[in-house]
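Chemist: First, the structure itself, so that you have it in front of you.
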């Protein structure tokens, strides 16, 4: 047990931990920001995983074809939105069950991505690091925030932008109302399902970008298992954060840090069971959600389809 | 529907909707329209798959032909398909039950893993007469799956943690936990012998006495558990159609408040449904292990091999109808068995996953359209009658 | 005929000509004419189901008429949906609120607007409107924290913000205390006189119409029976026109909201019979069918919903629970439906204690319930009619945990015939039934297991005339057959018509009780508003 605490001590004093935590947290945040908006509008968007994976493969493919990270990221967002369009139209136009659509989409994207991956075998590499002079000198966390591959920085402006969109625009107000009381929103003249579809498109955009960042900013190349359940952890971060932007980002940082521990522990010379470490982010997520999230109130119409007259 | 339950993955509103067509003469044409819609959607899904194959330089014709050979046409492939269909049916039947109760379980993959792992431990370590050990390992597998699903339902009713999330996250935990068990020899790791290289992490093989007997019909052989599976489907059918328990389960799924008023406790019935669902997934894992079609009687990393996921999709596509489940499971199993023959065509076998997912998406469309049409019709009739 | 005096000079704000709308065999509106003028409050009076709500829905675009024409400001037009209505300056304050609870007042008010999003301006505007009309609404309050009365004011602000020329109020006082209603009418008058709007006030309460309106149109069974200037009308005249016969009985007059007139009449109720005495003086010795003692409970939001409530219901007795909506009616129904647990207090059915909140305990003990919102707890929309008839006691037709769907269908067919339920058959989905027939299914089921007590919460809300009559008759029959009936209603008319004994529910407790023969309407009115003086007077009596 002493060894365990010693290991934790070594890890938390190592700035590599923070850099890693930031990279994991950024991936979760890309996805969770969009998911927050989608859930505020009433969709529990399971296909987040597929959006990330689709974005990741598209990013690699874009890079493969043009040698450009920017184009790769553009590809990634496009594919993210395409996946979102299937989810949005099937669950909020055809009123098919959103979980079923999400699960099928995850399977489909995984199938297509791994099929095309073996057929095309795209070559890609990570974007270069961009050190922001001055602030990156801050001890312990300076590197984490300001010396990262440049696609990571895209997440910084997205947080306030998403907050502004949700709480300072008419669109955001309408999104929040359709997630809480679609009947009232409908009576007020708001197209409930349209707002829900739009919010899923936003989730597709941000998590597609997140997928692109994962392959072009963090890993460097595409693998079938590259996302490995991070989309689900992002959903958990939204629940953990109680559907507030601040809480959600907090959740992303917490889960990202746990994930980072897993990687830094061995590098600082501690031998810990690798299965335990791999499972840790998931276990920690379940435990924290259990103890913190029950107090918050979810959007009242979350995961409930809206059909006019079904009241 | 203010307080009505959120509609669930497994819903049979299609049945209710079709029953709604009050005019008898038009019922036939309604059925015709529905059939045509299903057919059309399946054809579209197949065409899209063909395009994907064609774009990447493969021959769609070869692919479909290989899939058919691998699932049905080549000698002995029926047995292979049935062997794969067995766990799919069992997982799907369990999913139908929790879906009926309005509880979501999408963690069957993990529950299958747990079931298989515990079954492997019992099968390898328990000494006794073969049939007794088989029964034991099936029971233990069921308990393990139920335990894994039980965690989710416990957290749901204790702390309102969304079961969608917990069942999902527990999949990874299950696969890591069983992966760990395969690393230590006092759990599942087989002792070092010549048939296992040092790096291979597999369990000991079940001895011949504790394997499920296999039936052979005209060169197609499959485990005897297939009979039990058909029986299970019949039982679930009766439970759904005629039992008070099934009736109340459906009430709970459709309107928990009405159900509670009528004496259906959300916690008791919801937990029971979830435990049964997990037990089904667990026993499916145990059947996979002792049946021989998966992993050659050994537990291996990634043993569940997507059976949990596919079983879930089977239930959703079959809209929780037991007969539909058997049919859909057989088709999905065929696709999987057929993918084994794809290597010869030069097309990657992942294409079978793509075909499967496209089919699932396509099959969601017709009931949705029928539902909306029926709704509109009823709405124009009842709108503002109050 | 009311057109003539002023029509020459001014174009009316709205002119409806010969509007017809029928639902199935029932004509909700039959060639109805209506003219709304600027600067005037037009009362539309009628009993429940007289067609007045349908007429208003035509005007707001929720119902498309089968025939007739609509003119707004002299221009002939079609109103296809509420948006259409809004662009023509027609707004309606909804009877059931269309507010999003977790949002603030100003957010709710600007919901559905278009154009630039200016939070500061919206907040300011809400404050201005609130101040201008003396509504006292805080723009930054969360709607979920507000009482029903304040929420209605938020609805009004939401309407007024778009500066509509035509305002429709549909039964606005059903959720208000008398004081709040008075305040509402002040606001209305201001909106009309000072700002030259046209207002339609839909109501079935005579005193409201007499107090607040300038002219009145009276509807009965889908047709306009009379039109007059309110100044020329008096209460008996309106009542006669509305009901279609002479209204002499005190209970009926009071039911129509004739509080002053009825209170002045001192003649004892000729309609009351021996039942009241049975209920009144033997309560000490007989075991009541239902007894609640000091029941306290909290709603899901953690607020106290029942606060030491005690009430007895004896066999064959109808006890009416009067009260302004939102004073614990829903919680009381939930409690007796096993949907709410009590924090303290006891519930006894025929002398046996029953644990509230334990699934199914109440129905097993013999408490039948017609819930206020049958979709929420009285039925399963997606199941068939037959299945809905057996939701509570499927055991009745089952052996060893299995039932025969054929037996279920057969028994259901019998109930369908007995209760005259209009349906395609036992296998028709429940949602395909009309509201009245859904209510019949609920009643048929609840009576089928021989209950000791029947709890009827707002049993006639939203039903048409025929259905209301049918339901009223059935409730009387049920009581006559020996079942104790607890009638929870915010319609005083319904309670006075049916109940042998009236209790008043205020903030989760019973603050007054009187036998129907002793009903003093003035006192009752005060009690409804929670007046302490009235409460202590009632206790002393």
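Chains as they are written, first to last, in the working numbering: chain A, 1 to 311; chain B, 1001 to 1386; chain C, 2001 to 2541. Built from N, CA and C at the ideal position, the CB exists for glycine as well. Fair warning: this is a prediction, and the values are worked out from it, not measured in the lab.
1) I want to verify the contact list: residues of chain C whose CB lies under 9 Å from the CB of residue 169(A), in sequence order.
2) For the structure I just gave you, are there three or more beta carbon pairs, one from the region 1149–1163 of chain B and one from the region 1077–1092 of chain B, closer than 8 Å?
3) Is DSSP giving residue 2215(C) helix, strand or coil here?
4) Just the chain C side, please: which residues come within less than 8 Å of residue 1245(B) by C-beta, in chain order?
5) Kindly indicate the opening and closing residues of the alpha helix (DSSP H) around residue 2331(C).
6) Can you tell me which of 252(A), 228(A), 123(A) puts its alpha carbon nearest to the alpha carbon of residue 32(A)?
7) Who are the neighbours of residue 1121(B) on chain A, taking C-beta pairs under 8 Å?
8) Terminal residues of the continuous alpha helix (DSSP H) containing residue 1388(B)?
9) Once the 5 residues before and after residue 180(A) are set aside, which same chain residues still bring their CB inside 7 Å of it?
10) Let's test the definition: count the other Cβ atoms within 10 Å of the Cβ of residue 297(A) and tell me whether it reaches 16, buried, or not, exposed.
11) Have a look at residue 1012(B) and residue 1319(B) and give me their C-alpha separation to the nearest angstrom.
12) With distances taken from CA atoms, which of 1143(B), 1044(B), 1081(B) is nearest residue 1119(B)?
13) Kindly indicate the opening and closing residues of the beta strand (DSSP E) around residue 2077(C).
14) Cβ of residue 1149(B) within 8 Å of Cβ of residue 1269(B)?
15) Short of 9 Å Cβ to Cβ, which residues in the region 2090–2105 of chain C face chain A?
16) Per DSSP, which residues does residue 2429(C) bridge with? Please list them.
17) When you compare each of 1033(B), 1062(B), 1041(B), 1223(B) to residue 1317(B) by their alpha carbons, which one comes out closest?
18) Thinking C-alpha only, which one of 183(A), 23(A), 225(A), 288(A) is nearest residue 239(A)?
19) Do residue 189(A) and residue 2082(C) come within 8 Å of each other at the CB atom, strictly closer than that value?
20) Is it the case that the Cβ atoms of residue 145(A) and residue 51(A) are separated by a distance below 8 Å?
21) By DSSP, does residue 2142(C) sit in helix, in strand, or in coil?
22) Should residue 156(A) go down as buried or exposed, given a rule of 16 or more other Cβ atoms within 10 Å for buried?
23) Interface residues of chain B around residue 239(A) at Cβ under 9 Å?
24) Identify the continuous alpha helix (DSSP H) that holds residue 2130(C) and give its terminal residues.
25) In angstroms with no decimal places, state the Cα-to-Cα distance between residue 2198(C) and residue 2321(C).
26) Excluding the five sequence neighbours on either side, which residues of its own chain have a C-beta within less than 8 Å of the C-beta of residue 96(A), listed in chain order?
27) Closer than 8 Å by beta-carbon distance: list the chain A residues that pair up with residue 1356(B), in chain order.
28) Alpha carbon to alpha carbon, how far is residue 2090(C) from residue 2080(C)?
29) Relative to chain C, which residues along the region 172–202 of chain A have a C-beta separation below 8 Å, given in chain order?
30) Between residue 2032(C) and the rest of its own chain, which residues show a CB-CB distance below 8 Å, the 5 nearest in sequence each way excluded?
31) Chain B partners of residue 90(A), CB-CB under 9 Å?
32) Quick one, which of 2351(C), 2512(C), 2162(C), 2210(C) has its alpha-carbon nearest residue 2453(C)'s?
33) When the cut-off is 8 Å and only beta carbons count, does residue 1092(B) lie next to chain A?
34) Any beta-carbon of chain A closer than 8 Å to the one on residue 2061(C)?
35) For the candidate residues 2045(C), 2421(C), 2425(C), whose alpha-carbon lies nearest to that of residue 2229(C)?
36) Is there a C-beta anywhere in chain A that falls below 8 Å from the one on residue 1227(B)?
Modeler: So, from the listed chains and residues:
1) 2117
2) no
3) strand
4) 2401
5) 2329–2336
6) 252(A)
7) The contacting residues do not exist; residue 1121(B) stays about 17 Å from chain A at best.
8) Nothing can be reported for residue 1388(B), as the shown portion of chain B is limited to 1001 through 1386.
9) The residues are 299, 300, 301.
10) When all chains shown are included, residue 297(A) counts as exposed.
11) With a pLDDT of 39 at residue 1012(B), under the threshold of 50, the modelled position of this residue cannot be trusted, and the question is left open.
12) 1143(B)
13) Start and end: 2075–2077.
14) no
15) 2094, 2097, 2098, 2099, 2100, 2101, 2102, 2103
16) 2384(C)
17) 1041(B)
18) 288(A)
19) yes
20) no
21) Per DSSP, reduced to three states, the secondary structure at residue 2142(C) is strand.
22) Its Cβ having fewer than 16 others within 10 Å, residue 156(A) is exposed.
23) Those are 1161, 1162, 1165, listed as they occur along chain B.
24) 2119–2132
25) 36 Å
26) 90
27) 107, 111
28) 13 Å
29) Per Cβ criterion, the list reads 173, 174, 176, 177, 180, 181, 183, 184, 185, 187, 188, 189, 190.
30) 2016, 2018, 2019, 2020, 2051, 2055, 2068, 2219, 2222, 2223, 2224
31) Ordered by position in chain B, the residues that pass the 9 Å Cβ test against residue 90(A) are 1361, 1364, 1365, 1368.
32) Nearest option by C-alpha distance: 2351(C).
33) No, because no Cβ of chain A sits closer than 8 Å to the Cβ of residue 1092(B).
34) Interface flag for residue 2061(C) against chain A is unset, since no Cβ pair is found closer than 8 Å.
35) 2045(C)
36) no
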